[in-house]
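Student: Sequence order for the protein chains is A and B.
Using numbering that gives the first Met the number 0, the first residue of the first sequence is number 0, and each one after it goes up by one.
Using numbering that gives the first Met the number 0, the first residue of the second sequence is number 0, and each one after it goes up by one.
Even for Gly, the Cβ is constructed at its ideal location relative to N, Cα and C.
Predicted model, so just to flag it, every value in this text is computed and none were measured.
Provided herewith is a single structure, encoded as structure tokens, for subsequent inquiry.
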Amino acid sequence: MSTSAAAASARPTKPRPSPWRWVIVAAVVAFTWFAAEQTRFSIPELIENFTRANDLAKEFWPPAWEVARGLVDPFLETIQIAVIGTIVGCGLAIPLSFLAAYPTAPGTAVRVISRFSMNILRTMPDLFWAILFATAVGFGPFAGAVALSIFALAIMAKLFSETVDAIETGPLEAVRATGASRFQAVRRAVWPQVRPNFVAYAFYIFELLIRASVVLGLVGAGGVGTSLNRWRQFFQYDRVMVLVLITLVIVLTLEAVGALVRKRLS
Amino acid sequence: MIELRDLSVVYPGGVVGLDSVDLTIPDGQFVVVVGLSGAGKSTLLRAINGLVPATSGSVKVDGEEVVGAHERQLRDIRSRIGMIFQTFNLVTRTSVLNNVLCGRLSQVPTWRSTLGLWPTKDKDIAFDALTRVGIVEKAYVRASDLSGGQQQRVAIARALAQKPTLMLADEPVASLDPPTSHQVMRYLQRINRELEITTLVNLHFLDLAKEYAERIIGLREGKLVFDGAGDDVDDDVFRDIYGRSLTADDILETPTL
Numbered sequence: 000m001s002t003s004a005a006a007a008s009a010r011p012t013k014p015r016p017s018p019w020r021w022v023i024v025a026a027v028v029a030f031t032w033f034a035a036e037q038t039r040f041s042i043p044e045l046i047e048n049f050t051r052a053n054d055l056a057k058e059f060w061p062p063a064w065e066v067a068r069g070l071v072d073p074f075l076e077t078i079q080i081a082v083i084g085t086i087v088g089c090g091l092a093i094p095l096s097f098l099a100a101y102p103t104a105p106g107t108a109v110r111v112i113s114r115f116s117m118n119i120l121r122t123m124p125d126l127f128w129a130i131l132f133a134t135a136v137g138f139g140p141f142a143g144a145v146a147l148s149i150f151a152l153a154i155m156a157k158l159f160s161e162t163v164d165a166i167e168t169g170p171l172e173a174v175r176a177t178g179a180s181r182f183q184a185v186r187r188a189v190w191p192q193v194r195p196n197f198v199a200y201a202f203y204i205f206e207l208l209i210r211a212s213v214v215l216g217l218v219g220a221g222g223v224g225t226s227l228n229r230w231r232q233f234f235q236y237d238r239v240m241v242l243v244l245i246t247l248v249i250v251l252t253l254e255a256v257g258a259l260v261r262k263r264l265s
Numbered sequence: 000m001i002e003l004r005d006l007s008v009v010y011p012g013g014v015v016g017l018d019s020v021d022l023t024i025p026d027g028q029f030v031v032v033v034g035l036s037g038a039g040k041s042t043l044l045r046a047i048n049g050l051v052p053a054t055s056g057s058v059k060v061d062g063e064e065v066v067g068a069h070e071r072q073l074r075d076i077r078s079r080i081g082m083i084f085q086t087f088n089l090v091t092r093t094s095v096l097n098n099v100l101c102g103r104l105s106q107v108p109t110w111r112s113t114l115g116l117w118p119t120k121d122k123d124i125a126f127d128a129l130t131r132v133g134i135v136e137k138a139y140v141r142a143s144d145l146s147g148g149q150q151q152r153v154a155i156a157r158a159l160a161q162k163p164t165l166m167l168a169d170e171p172v173a174s175l176d177p178p179t180s181h182q183v184m185r186y187l188q189r190i191n192r193e194l195e196i197t198t199l200v201n202l203h204f205l206d207l208a209k210e211y212a213e214r215i216i217g218l219r220e221g222k223l224v225f226d227g228a229g230d231d232v233d234d235d236v237f238r239d240i241y242g243r244s245l246t247a248d249d250i251l252e253t254p255t256l
């Protein structure tokens with residue numbers, strides 16, 4: 000008894016939790032309540048609306064499958080836009096990420112500038128880019144592809160540069176010590192470490208772009224979005240449902256293929 | 000030949016790595032650097048190939064000045080200096096051969112190495128290097144699938160593939176068990192003798208230092224405090240270098256009971 004009591008007294012006292020903890024909790028609760036008030040967010044109302052959602056469901060169901068045939072070409076266009084956006088955006092993200100990451104940046108100035116431009120790219124919403132390029136190169140799939148390339152670049156550069164930040168730097172130092180150039184060392188000592196992550200992110204971004212390109216059609220940037228926009232305006236929700244279901248199947252298929260590739264690579 | 004003149008390294012933050020070190024190492028010598036951790040052993044090696052920039056003084060490798068050398072010159076000097084690390088520093092997610100070929104990067108056009116289109120001549124050099132450390136059969140195995148001792152031999156092969164005139168080894172056996180440590184030290188010794196590559200090894204195990212060193216250099220707090228033949232060194236000298244009495248942790252092998 001006395002020995003265990005002595006052992007207990009030898010333990011350090013547990014540090015007191017910061018008093019700020021309660022301030023932060025209170026602030027989060029207060030802001031949530033304020034935001035709910037302002038947006039008139041109400042759970043009872045949501046439940047009430049959904050219990051009489053029968054009418055809503057009737058609008059969407061059954062899906063108007065007869066429009067599916069006509070959707071083949073728009074969907075092909077959507078996929079093409081997403082493929083180009085993924086390849087161009089992710090391709091450009093490789094050099095940008097290496098310039099922006101701590102272990103591989105050639106200098107502080109280059110790193111800071113790269114990070115800054117990455118943040119600018121990411122701050123702009125994808126719809127902004129679509130509208131910008133639609134104005135610049137005209138409405139259509141080309142504007143959509145360019146807008147999505149930038150969207151892909153912004154996301155990939157963020158994810159990938161953070162992955163490069165976390166690499167083991169030992170191999171990089173060792174390869175630099177052989178007299179290799181910075182580029183060669185990045186290619187040979189860093190790229191093999193981060194390649195599996197890059198491929199996984201690219202699949203994720205392709206999925207995002209499929210969904211984003213549906214939305215971009217709303218501003219006339221090509222793909223199925225054009226059909227979506229038309230049907231939405233005429234309240235043809237049974238047709239919208241077909242579009243939603245096809246998108247779902249495509250995204251799920253991509254997810255499965257991506258998981259397979261990731262497994263092979265790791 | 001390596002010539003250090005009044006070489007000092009002060010790290011950002013004011014920590015002194017090396018304090019006016021003068022040292023000349025003739026071609027072909029096998030030199031062991033001893034000292035406590037923090038005494039400047041790693042800094043000494045890294046100042047020689049410019050991985051750590053010198054604050055003042057001069058480092059000459061085969062007559063070429065390292066201190067203040069430009070990127071291009073520095074890479075040229077480094078290409079003739081092999082380096083081995085405590086943690087091996089292999090690219091574990093790629094094959095053994097790809098790791099060894101990294102030693103050829105300075106001699107192969109960038110577009111070729113980037114696409115993996117290595118010239119046959121350079122592949123031959125890589126395979127020869129792997130043969131020399133007795134591990135050529137693992138050429139296409141992923142580096143992460145090798146044991147610690149095997150990984151260190153691959154790292155030696157990567158350095159050999161540079162066809163270096165100088166080999167720097169920074170605590171090459173600190174992560175290995177005693178039998179493997181001796182195996183790696185014997186490879187370094189054999190390379191030194193057969194290929195006449197000047198070799199500088201940092202060690203903190205005194206029995207290993209005595210067994211392999213042709214010449215021993217002692218560092219304490221960044222200063223060179225001992226320089227003599229390996230045979231001349233006894234426990235008193237080590238006590239002097241360490242500035243304290245010796246313990247069981249200072250030797251690799253437990254004395255036989």
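1) Taking just the CA atoms, how far does B:V135 sit from B:K59?
2) Evaluate A:W190 with the Cβ neighbour count: other Cβ atoms within 10 Å of its Cβ, from every protein chain shown; 16 or more gives buried, anything less gives exposed.
3) Compare the C-beta of B:V172 against all C-beta atoms of chain A and say whether one is closer than 8 Å.
4) Taking the beta carbon of A:Q232 as the centre, do at least 16 other beta carbons fall within 10 Å, making it buried, or is it exposed?
5) Using only CA atoms, which one of B:R243, B:K222, B:H203 lies nearest to B:I250?
6) List, from N- to C-terminal side, the beta strand (DSSP E) runs of 3 residues or more that fit wholly inside the region 192-250 of chain B.
7) When the Cα atoms are used, what is the spatial distance from B:S105 to B:A158?
8) Checking contacts by CB at 8 Å: is B:Q161 closer than that to chain A?
9) Hey, does B:N201 have any beta-carbon neighbour from chain A nearer than 8 Å?
10) If you pair each beta-carbon of the region 145-152 of chain B with each one of the region 86-103 of chain B, do three or more pairs fall below 8 Å?
11) Where does B:D235 land, buried or exposed, given buried means 16+ other C-beta within 10 angstroms?
12) If you follow the beta strand (DSSP E) that B:M166 is in, where does it begin and where does it stop?
13) Residues of chain B with a CB under 7 Å from the CB of A:A176: which are they?
14) Taking contact to mean at least 3 C-beta pairs separated by less than 8 Å, is the region 189-205 of chain B in contact with the region 160-168 of chain B?
15) Taking only beta-carbon positions, decide if B:G102 is within less than 8 Å of chain A.
16) Could you confirm whether any beta carbon from chain B is found closer than 8 Å to the beta carbon of A:A100?
17) Run through DSSP, which three-state label would A:M240 get?
18) Using 8 Å as the threshold, is the C-beta distance between A:L215 and A:D72 below it?
19) So for B:F84, helix, strand or coil by DSSP?
20) For B:K222, which of B:V107, B:S41, B:M184, B:D18 has the nearest alpha-carbon?
21) Closer than 8 Å is the cut-off here; do at least three beta carbon pairs connect the region 80-88 of chain A with the region 111-129 of chain A?
22) Run through chain B and tell me which residues come within less than 7 Å of A:G106, C-beta to C-beta.
23) Starting from A:V185, trace the beta strand (DSSP E) in both directions and tell me its first and last residue.
24) Tell me the rounded alpha-carbon separation between A:A135 and A:T225.
25) Quick check on B:K209: buried or exposed, where buried means 16 or more other Cβ atoms within 10 Å of its Cβ?
26) Let me see if you follow: with CB-CB separation under 8 Å, is A:A188 close to chain B or not?
27) Could you check which residue in A:F159, A:F127, A:T162 has the C-alpha nearest to that of A:V145?
28) Find out if the Cβ-Cβ distance for the pair B:R214, A:G178 is shorter than 8 Å.
29) Within the continuous alpha helix (DSSP H) that includes A:T77, where are the two ends?
30) Between the beta-carbon of A:L131 and the beta-carbon of A:A92, is there less than 8 Å?
31) For my contact list, A:L227 and A:L217 are in at a C-beta cut-off of 8 Å; report their separation, rounded to the angstrom.
32) Report yes or no: do the region 172-188 of chain A and the region 71-85 of chain B share at least 3 C-beta pairs separated by less than 8 Å?
33) Counting only beta-carbon separations shorter than 8 Å, does B:T93 have a partner in chain A?
34) Just the C-alpha distance for B:G217 and A:F182, rounded to the nearest angstrom, thanks.
35) Using a Cβ-based criterion (distance less than 7 Å to any ligand heavy atom), does B:F237 qualify as near the ligand SAM?
36) Find the residues of chain A that neighbour B:S112, judging by a C-beta separation of less than 9 Å, and give them in chain order.
Tutor: Short version:
1) Each residue's Cα considered, the two are about 35 Å apart.
2) So A:W190 counts as buried.
3) no
4) exposed
5) Of B:R243, B:K222, B:H203, the residue nearest in Cα terms is B:H203.
6) Qualifying beta strand (DSSP E) stretches, in chain order: 197-201, 214-219, 222-228.
7) In a straight line, the C-alpha of B:S105 is about 12 Å away from that of B:A158.
8) Yes, its Cβ sits closer than 8 Å to a Cβ of chain A.
9) no
10) Flag = yes, the region 145-152 of chain B and the region 86-103 of chain B touch.
11) exposed
12) 165-169
13) N48, L50, R77, M82
14) yes
15) Residue contact with chain A for B:G102: present (Cβ-Cβ distance below 8 Å to some residue of chain A).
16) no
17) helix
18) At the C-beta level, A:L215 and A:D72 stay beyond 8 Å of one another.
19) coil
20) B:D18
21) no
22) Those within 7 Å of A:G106 in chain B number zero; the least Cβ separation is about 12 Å.
23) That residue, A:V185, is in no beta strand (DSSP E); it is neither H nor E in DSSP.
24) Approximately 19 Å, taken between the alpha carbons.
25) Flag for B:K209 reads buried.
26) yes
27) A:F127
28) no
29) 67-99
30) Result no, Cβ atoms of A:L131 and A:A92 do not sit closer than 8 Å.
31) 7 Å
32) yes
33) yes
34) 37 Å
35) For the ligand SAM, the structure offers nothing, since it holds no ligand at all.
36) By Cβ distance, chain A contributes A179, Q183, R186, R187.
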